[in-house]
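Chains as they are written, first to last, in this note's numbering: chain X, 645 to 985; chain R, 645 to 985.
If you want it as structure tokens, here you go:
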């Protein structure tokens with residue numbers, strides 16, 4: 645059973661991160677076409693899972709809070725940079741309950757703002773030098789470079805699927821894309837960098853890839869499920885937005901696999917159209933077919949399996965460490981990931 | 645008079661950079677939607693001015709060639725990253741004689757490819773550690789962060805002008821935008837990083853801002869002039885592309901200042917339209933008015949003044965150094981910048 649430790653720690657480390665983030669989001673010129681927009685997404689809130697996981701991991705391994713904060717801030721800035729470009733690339737309408745940046749200000753300014761956010765992330769990583777020294781700071785930078793590379797490669801794979809109108813994807817294709825696009829920056833990188841800062845050693849960092857993959861994939865599946873079944877008022881994106889966008893979720897992939905030839909053809913036609921040409925009735929039909937074929941239940945089962953595997957890996961990684969709130973936070977995450985809505 | 649030293653050194657340092665660049669552009673997966681496209685712009689050629697200036701400055705200050713090569717490679721990668729996003733943001737059609745990346749592959753993939761190129765630049769900067777050690781490598785990274793920040797701010801200013809359809813800009817507005825958008829990454833950063841690597845000290849780096857500003861602004865003015873008067877076969881972009889794009893060049897700014905109220909109104913209407921709605925006859929009229937009002941001659945005069953100032957600053961910076969090919973290369977640049985076509 646999840647306790648209230650996770651919300652409490654997300655609030656605590658989230659606040660620490662938000663305060664440190666202010667240093668990087670100060671108003672300055674050019675205001676109207678750059679820095680006001682740079683501060684928009686970070687100020688829209690977010691649950692601060694990634695920076696909190698980074699700080700908690702560092703502390704579970706014995707680091708001081710202040711040694712991990714800049715890395716947490718950098719992660720949050722890089723996350724927002726991804727979101728801005730991702731929204732442009734997917735032509736999404738809504739982010740965290742408000743219109744996306746390019747919808748408000750056009751693609752040219754939004755692309756430039758995404759670049760500025762990524763650069764602020766780099767600056768926070770360079771600032772690590774003051775607390776971590778140049779050698780460890782460069783090491784964290786190397787981790788960030790790997791993380792961003794994986795994300796960009798995952799994004800290329802997913803954009804390629806849409807561009808080619810890919811219709812015959814396997815669960816393994818989906819999971820590999822999620823490993824790259826979501827897990828690296830959501831769970832693997834925060835764990836690895838936390839451990840790097842906590843232990844000042846990169847000996848066993850690869851073990852965190854398994855833990856982060858299982859946890860991050862369960863997280864992404866739950867996110868995709870919430871897109872279909874979430875509470876419209878509380879869910880910050882468009883409901884059914886993934887279907888509107890033709891996103892290859894596990895539910896869509898399994899529907900394409902299970903559908904009759906006639907249904908598959910209708911789906912292929914739907915997916916071949918531009919987003920703006922898709923009709924609400926068609927979106928409703930896709931959703932209804934997903935339910936009829938049990939695609940949501942199937943995805944829920946896979947998510948449960950992944951969360952179980954994450955819990956097991958967490959056990960292996962953390963059981964030898966002394967008890968702490970941070971350690972308990974990390975070990976409760978696999979359960980929490982599926983319970984959130 | 646320019647000698648053949650500049651083309652010779654551009655070829656030599658360009659080749660060194662191109663060879664080292666191959667390490668970062670190796671084919672790998674995902675090929676079709678990422679790394680094949682990442683290699684496209686860098687393989688289209690380019691005169692390699694920026695990496696050559698970086699290497700020449702480092703050597704003029706006593707560095708070994710191999711100490712500067714990674715920084716030169718990083719600069720070339722970052723330059724190409726800027727070009728990809730810049731082409732998206734300006735909706736340009738042609739780059740280095742071929743269709744722009746987003747024209748060929750769509751905006752989503754192009755934005756992602758720009759991100760990947762910037763990340764490869766970061767990797768090259770991290771790789772500096774092996775030859776320069778972590779402390780100097782972080783220092784070069786700080787310079788790169790400043791350079792990218794200036795470029796992004798300059799880009800925001802220029803995009804803002806177009807978005808607001810700015811009609812009353814001064815020469816000073818133009819020069820400040822060029823300082824940020826062009827000079828930092830074309831001339832200031834290569835000089836500063838070269839000097840940093842050559843001297844292993846950051847004492848007098850700010851002196852390079854003046855030299856780089858005068859040289860880079862003369863370079864940009866000449867570039868804008870070539871866009872209007874260049875040889876179509878040799879010029880890699882669209883001829884008159886700047887007018888099609890409504891780019892606020894010094895020629896357009898001075899035309900807006902000198903035009904009659906009726907002409908100004910017609911210009912305002914032309915500039916208010918979307919690029920795709922502008923007509924060839926209108927573009928021809930803008931161009932003809934620029935010539936009639938002597939806007940090109942005016943820009944040529946300003947460019948000459950800037951190049952003269954760059955030569956003077958170069959004298960102050962480099963006269964005390966021992967004679968070398970590299971030193972002569974740098975001191976010939978102000979003349980060469982205006983002579984190239």
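Glycine included, every Cβ here is placed at the ideal spot set by N, Cα and C.
Please read these numbers as outputs of a predicted model, since none were measured by experiment.
Exercise for the section: Determine, using beta carbons only, whether residue 760 (chain R) comes closer than 8 Å to chain X. Expected result: Counting from 1 along the second chain, the entry for residue 760 (chain R) is found at position 116. Yes, because at least one Cβ of chain X sits closer than 8 Å to the Cβ of residue 760 (chain R).
Handout entry: Backbone secondary structure at residue 742 (chain R) - three-state DSSP
Key = For the purposes of this step, residue 742 (chain R) is identified with residue 98 of the second chain, where counting begins at 1. If DSSP states are grouped into helix, strand and coil, residue 742 (chain R) belongs with the strands.
Practice task
On a CA-only basis, which of X:721, X:921, X:974, X:741 is nearest residue 757 (chain X)? Give me that one, please.
Solution key: Looking up residue 757 (chain X) in the first chain gives position 113. When only C-alpha atoms are compared, the closest one is X:721.
Practice task
Classify residue 687 (chain R) as helix, strand or coil using the three-state DSSP reduction.
Solution key: Translated into the one-based positions of the second chain, residue 687 (chain R) becomes position 43. Of the three classes helix, strand and coil, the one that applies to residue 687 (chain R) here is helix, per DSSP.
Practice task
Could you list which residues in chain R have their beta carbon closer than 8 Å to that of residue 796 (chain X), in chain order?
Solution key: The residue labelled residue 796 (chain X) in the question sits at position 152 within the first chain. 678, 756, 759, 760, 763, listed in chain order.
Exercise for the section: Kindly list, in the order they appear in chain R, the residues whose Cβ is closer than 8 Å to that of residue 770 (chain X). Expected result: By 1-based counting over the first chain, the position of residue 770 (chain X) is 126. By Cβ distance, chain R contributes 782, 785, 786, 789.
Handout entry: residue 772 (chain R) and residue 845 (chain R) closer than 8 Å at C-beta
Key = Working through the second chain from its first residue, we reach residue 772 (chain R) at position 128. Working through the second chain from its first residue, we reach residue 845 (chain R) at position 201. No.
Handout entry: Rounded C-alpha distance that separates residue 853 (chain R) from residue 958 (chain R)
Key = As a first step, residue 853 (chain R) is located in the second chain; it is residue number 209 there, counting from the start. As a first step, residue 958 (chain R) is located in the second chain; it is residue number 314 there, counting from the start. Cα to Cα, residue 853 (chain R) sits roughly 11 Å from residue 958 (chain R).
Practice task
List the residues of chain X that residue 753 (chain R) touches, going by C-beta distances under 9 Å, in chain order.
Solution key: Taking the first residue of the second chain as 1, we reach residue 753 (chain R) at position 109. Neighbours of residue 753 (chain R) on chain X, chain order: 733, 800, 803, 804, 807.
Handout entry: the stretch 688–695 of chain X contacting the stretch 658–668 of chain X, beta-carbon criterion three pairs below 8 Å
Key = yes
Practice task
Spatial neighbours of residue 927 (chain X) within its chain, please: CB distance less than 7 Å, with the 5 preceding and 5 following residues excluded, ordered by chain position.
Solution key: Along the first chain, read from residue 1 onward, the residue named residue 927 (chain X) stands at position 283. Here the set comprises 884, 887, 888.
Practice task
Note down the Cα distance separating residue 733 (chain X) from residue 752 (chain R), rounded to an integer number of angstroms.
Solution key: Here residue 733 (chain X) corresponds to residue number 89 of the first chain, with the count starting at 1. Here residue 752 (chain R) corresponds to residue number 108 of the second chain, with the count starting at 1. For residue 733 (chain X) and residue 752 (chain R), the distance between alpha carbons rounds to 4 Å.
Exercise for the section: Could you list which residues in chain X have their beta carbon closer than 8 Å to that of residue 956 (chain R), in chain order? Expected result: Here residue 956 (chain R) is taken as the residue at index 312 of the second chain, counted from 1. Per Cβ cutoff of 8 Å: no residues; residue 956 (chain R) is ~30 Å from chain X at best.
Practice task
Report yes if the CB atom of residue 982 (chain R) is closer than 8 Å to the CB atom of residue 862 (chain R), and no otherwise.
Solution key: Within the second chain, residue 982 (chain R) is the residue found at index 338, counting from 1. Within the second chain, residue 862 (chain R) is the residue found at index 218, counting from 1. Going by C-beta atoms, residue 982 (chain R) is nearer than 8 Å to residue 862 (chain R).
Practice task
Determine, using beta carbons only, whether residue 864 (chain X) and residue 826 (chain X) come nearer to each other than 8 Å.
Solution key: Position 220 of the first chain holds residue 864 (chain X). Position 182 of the first chain holds residue 826 (chain X). In this structure, residue 826 (chain X) lies closer than 8 Å to residue 864 (chain X) by Cβ.
Handout entry: Min CB distance residue 776 (chain X) to chain R below 8 Å
Key = For the purposes of this step, residue 776 (chain X) is taken as the residue at position 132 of the first chain. Not closer than 8 Å to any Cβ of chain R, the Cβ of residue 776 (chain X) fails to qualify, so no.
Handout entry: Assigned secondary structure, residue 778 (chain R) (DSSP; H/G/I helix, E/B strand, else coil)
Key = Along the second chain, read from residue 1 onward, the residue named residue 778 (chain R) stands at position 134. Looking at residue 778 (chain R) - three-state DSSP - the assignment turns out to be helix.
Exercise for the section: Just tell me which of X:703, X:653, X:855, X:934 has its CA closest to the CA of residue 966 (chain X). Expected result: Numbered from 1 along the first chain, position 322 holds the residue referred to as residue 966 (chain X). Checking every option, the nearest Cα to that of residue 966 (chain X) belongs to X:703.
Practice task
Report the rounded CA-to-CA distance for residue 903 (chain X) versus residue 914 (chain X), giving the unit in angstroms.
Solution key: Locating residue 903 (chain X) in the first chain gives position 259, where the first residue counts as 1. Locating residue 914 (chain X) in the first chain gives position 270, where the first residue counts as 1. Their backbone Cα atoms lie some 14 Å apart in a straight line.
Exercise for the section: Using three-state DSSP, classify residue 917 (chain X) as helix, strand or coil. Expected result: Numbered from its first residue, the first chain carries residue 917 (chain X) at position 273. In the structure shown, residue 917 (chain X) sits in coil (DSSP, three-state: anything other than H, G, I, E or B).
Problem - Chain-ordered neighbours of residue 885 (chain R) on chain X, where CB pairs are closer than 8 Å - result: As a first step, residue 885 (chain R) is located in the second chain; it is residue number 241 there, counting from the start. Result: empty, since nearest Cβ-Cβ is about 16 Å, beyond 8 Å.
Problem - Helix, strand or coil at residue 680 (chain X) according to DSSP, with G and I counted as helix - result: For the purposes of this step, residue 680 (chain X) is identified with residue 36 of the first chain, where counting begins at 1. Residue state, collapsed to three classes: helix.
Exercise for the section: Would you mind sorting residue 986 (chain R) into buried or exposed? The rule is 16 or more other CB atoms within 10 Å of its CB. Expected result: Beyond the ends of chain R as shown, which are 645 and 985, falls residue 986 (chain R); an answer cannot be given.
Practice task
Would you kindly work out how many angstroms separate the C-alpha atoms of residue 951 (chain X) and residue 898 (chain X), rounded to a whole number?
Solution key: As a working mapping, residue 951 (chain X) is identified with position 307 in the first chain. As a working mapping, residue 898 (chain X) is identified with position 254 in the first chain. Distance between the alpha carbons of residue 951 (chain X) and residue 898 (chain X) is about 20 Å.
Problem - Residue nearest to residue 859 (chain X) in terms of C-alpha spacing, selected from X:835, X:652, X:849 - result: Here residue 859 (chain X) refers to the residue found at position 215 of the first chain. If we check each option's Cα against that of residue 859 (chain X), X:835 comes out closest.
Practice task
Assuming residue 947 (chain X) and residue 866 (chain X) form a contact by the criterion Cβ under 8 Å, report the distance between their Cβ atoms to the nearest whole angstrom.
Solution key: Residue 947 (chain X) sits at position 303 when you count from the first residue of the first chain. Residue 866 (chain X) sits at position 222 when you count from the first residue of the first chain. Confirmed, Cβ separation roughly 6 Å.
Handout entry: residue 868 (chain X) beta carbon less than 8 Å from that of residue 900 (chain X)
Key = Counting from one through the first chain, the residue named residue 900 (chain X) turns up at place 256. Counting from one through the first chain, the residue named residue 868 (chain X) turns up at place 224. Contact flag unset, no.
Practice task
Determine, using beta carbons only, whether residue 810 (chain R) comes closer than 8 Å to chain X.
Solution key: Against the second chain, residue 810 (chain R) aligns to sequence position 166. For residue 810 (chain R), the answer is no, since every Cβ of chain X falls outside 8 Å of its Cβ.
Exercise for the section: Inspect the CB distances between the stretch 784–803 of chain R and the stretch 766–781 of chain X and report whether three or more fall short of 8 Å. Expected result: yes
Practice task
Could you spell out the range, first to last residue, of the alpha helix (DSSP H) harbouring residue 871 (chain R)?
Solution key: In the second chain, the residue the question calls residue 871 (chain R) occupies position 227. Segment 851–873, the alpha helix (DSSP H) holding residue 871 (chain R).
Handout entry: Cβ of residue 766 (chain X) within 8 Å of any chain R Cβ
Key = Counting from one through the first chain, the residue named residue 766 (chain X) turns up at place 122. Yes, because at least one Cβ of chain R sits closer than 8 Å to the Cβ of residue 766 (chain X).
Exercise for the section: Please say whether residue 787 (chain X) and residue 837 (chain X) have beta carbons closer to each other than 8 Å? Expected result: Numbered from 1 along the first chain, position 193 holds the residue referred to as residue 837 (chain X). Numbered from 1 along the first chain, position 143 holds the residue referred to as residue 787 (chain X). Contact: yes.
Practice task
Can you grab the Cα-Cα spacing for the pair residue 725 (chain R) / residue 664 (chain R), in whole Å?
Solution key: Along the second chain, one-based indexing puts residue 725 (chain R) at 81. Along the second chain, one-based indexing puts residue 664 (chain R) at 20. Rounded to the nearest angstrom, the two C-alpha atoms are 17 Å apart.
Practice task
Given a cut-off of 8 Å, decide if residue 782 (chain R) and residue 912 (chain X) are closer than it, judged by their beta-carbon atoms.
Solution key: Within the first chain, residue 912 (chain X) is the residue found at index 268, counting from 1. Within the second chain, residue 782 (chain R) is the residue found at index 138, counting from 1. No. Outside cutoff.
Practice task
May I ask whether a heavy atom of the ligand SAH can be found less than 7 Å away from the beta carbon of residue 853 (chain X)?
Solution key: As far as ligands go, the structure on display features none, and thus does not contain the ligand SAH.
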